[in-house]
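For the record, in the sequence shown the residue sitting at position 40 is 40 according to my numbering, with numbers rising by one throughout.
Backbone N, C-alpha and C fix where the C-beta goes; we use that ideal spot for every residue, glycine too.
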Amino acid sequence: MKAVIKGVPTEIEIDEIKVDLEYQGYSVLAVHRMHRRDGTALSMTLTVLNKKDVAKDIFKNLSKVCGLSGIYAEARYMRGMPGHVTADSFMDTWH
1 MKAVIKGVPT EIEIDEIKVD LEYQGYSVLA VHRMHRRDGT ALSMTLTVLN
51 KKDVAKDIFK NLSKVCGLSG IYAEARYMRG MPGHVTADSF MDTWH
């Protein structure tokens, strides 16, 4: 399961974020810092969690990371790009 965690300052290393989330009881597989197209780091991370019932709690219960408040998680979503072919749109053309 993937979650976007917002509000994490770029000064905090992803290893520290992973350790803190594991301390909070989440089974974290990976944490990736998100970047703008020009390469500058954002205050967001893409967090990959082991898919368990506890993992879904991150969307309701996460409020602190590394002692900082104002942090929250959202479900990851994909924005459709012009000309982007999704599996559903591809299958619609063949039916």
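Curious, which full-length beta strand (DSSP E) runs of at least 3 residues does the stretch 11–42 contain?
As far as the stretch 11–42 is concerned, its whole beta strand (DSSP E) runs of at least 3 residues are 28–35.
In three-state terms, what does DSSP make of lysine 6?
In the displayed model, lysine 6 falls within a strand according to three-state DSSP.
According to the neighbour-count rule (16 or more other Cβ atoms, all chains shown, within 10 Å of its Cβ), is leucine 42 buried or exposed?
So leucine 42 ends up on the exposed side.
Backbone CA spacing between valine 54 and serine 27 [nearest angstrom]
Rounded to whole angstroms, the gap between the alpha carbons of valine 54 and serine 27 is 8 Å.
Do the CB positions of isoleucine 14 and histidine 32 come within less than 8 Å of each other?
In this structure, histidine 32 lies closer than 8 Å to isoleucine 14 by Cβ.
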